[in-house]
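Numbering (the working numbering), first residue to last: -5 to 122.
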């Protein structure tokens, strides 16, 4: 994604070029991250359910003892993996939310700055 752009000639920095920020694209990217966060949660829930089903299935064939007794070491390993997976999903969701929030904030700052500059220009312009 390209947030800022400068003319190809003249290099970077300096007063010869102007930076442009497409706030609509920032908002679209932020909203896409919110949607991805929701999709991530749905996938996590499905994986969690499937993993817990596998643990119960392994332990259902354990004798003697109740099905959730956890006597198969594979079942315990699956549970450990499920907990680690859940932690990673939480981290990913936090990061997606954080980036989305920052994109929305940045877009809002640029929009306000543009509106303030436009109002300032209109207040000093004889054509405003």
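For every residue, glycine included, the Cβ atom is placed at its ideal position computed from N, Cα and C.
Taking the beta carbon of residue i as the centre, do at least 16 other beta carbons fall within 10 Å, making it buried, or is it exposed?
| i | result |
| --- | --- |
| residue 36 | exposed |
| residue 101 | buried |
| residue 113 | exposed |
| residue 53 | buried |
| residue 94 | buried |
| residue 20 | buried |
Sorted by chain position, which residues of the same chain lie with C-beta nearer than 6 Å to residue i's C-beta, five sequence neighbours on each side aside?
| i | result |
| --- | --- |
| residue 98 | 24 |
| residue 103 | none |
Once you ignore the five residues that flank residue i on each side, which residues in its own chain have a CB closer than 7 Å to its CB?
| i | result |
| --- | --- |
| residue 72 | 45, 48, 49 |
| residue 83 | 34, 38 |
So for residue i, helix, strand or coil by DSSP?
| i | result |
| --- | --- |
| residue 16 | coil |
| residue 117 | helix |
Less than 8 Å between C-beta atoms, sequence neighbours within five positions excluded: which residues of the same chain meet that for residue i?
| i | result |
| --- | --- |
| residue 42 | 76, 79, 80 |
| residue 91 | 27, 28, 31 |
| residue 68 | 52 |
| residue 117 | none |
(request) Jot down the residue ranges of each uninterrupted alpha helix (DSSP H) in the region 61 to 115, minimum 4 residues, whole runs only, in chain order. (result) none
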